[in-house]
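Below is one structure, written out as structure tokens; the observations come after it.
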Amino acid sequence: QVELVESGGGLVQPGGSLRLSCVVSRSISSDFVGWYRQAPGRRRELVAGITSGGSTTYADFVKDRFTISTDNTKNRVYLRMNSLNPEDTAVYYCKAMWGSYTYWGQGTQVTVSS
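The sequence shown begins at 127 in the working numbering and counts up by one.
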């Protein structure tokens, strides 16, 4: 069983920054690792992802504000979030995929409010 544990969420003022971290219990040389988010009453949506080949993808609503990165030596996936606004308030989830297997973390709450 693979475990993913997110951290780094919290309360931040509009315009502020946070860095989310996801530690994975096995090598993250996976097919895909990424961050998703889910706001109350809304569907879970992709925020950013990175493939084993190093290609990144970002949702349009976070381009130029968020950056996904990995540290394969520490089995960690990061999401740097800048210029946060109240619409970014959500639970953020880490996801990893190996072949037909998909694993999710338990999520970390991000609240953007003054």
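Even for Gly, the Cβ is constructed at its ideal location relative to N, Cα and C.
From a predicted model like this one, the values you see are computed outputs, not experimental measurements.
Is the separation between the beta-carbon of residue i and that of residue j shorter than 8 Å?
i	j	result
glutamine 139	valine 217	no
tyrosine 204	leucine 146	yes
isoleucine 154	asparagine 198	yes
asparagine 201	valine 131	no
valine 159	threonine 193	no
arginine 169	tyrosine 219	no
Under DSSP, the beta strand (DSSP E) around residue i begins and ends at which residues?
i	result
phenylalanine 187	Here phenylalanine 187 belongs to no beta strand (DSSP E), and DSSP marks it neither H nor E.
serine 147	144-150
valine 236	234-238
glutamine 164	158-164
isoleucine 154	Note, isoleucine 154: premise wrong, no beta strand (DSSP E); not H, not E.
I think residue i touches residue j, with their Cβ atoms under 8 Å apart; what is that distance to the nearest whole Å?
i	j	result
serine 178	serine 156	6 Å
threonine 135	valine 236	The sequence shown places glycine at residue 135, not threonine. Right, the Cβ-Cβ distance comes to about 5 Å (below 8 Å), so this counts as a contact.
cysteine 148	glycine 231	6 Å
With DSSP as the reference, please indicate the residues paired to residue i in a beta bridge.
i	result
lysine 221	Gly160, Trp230
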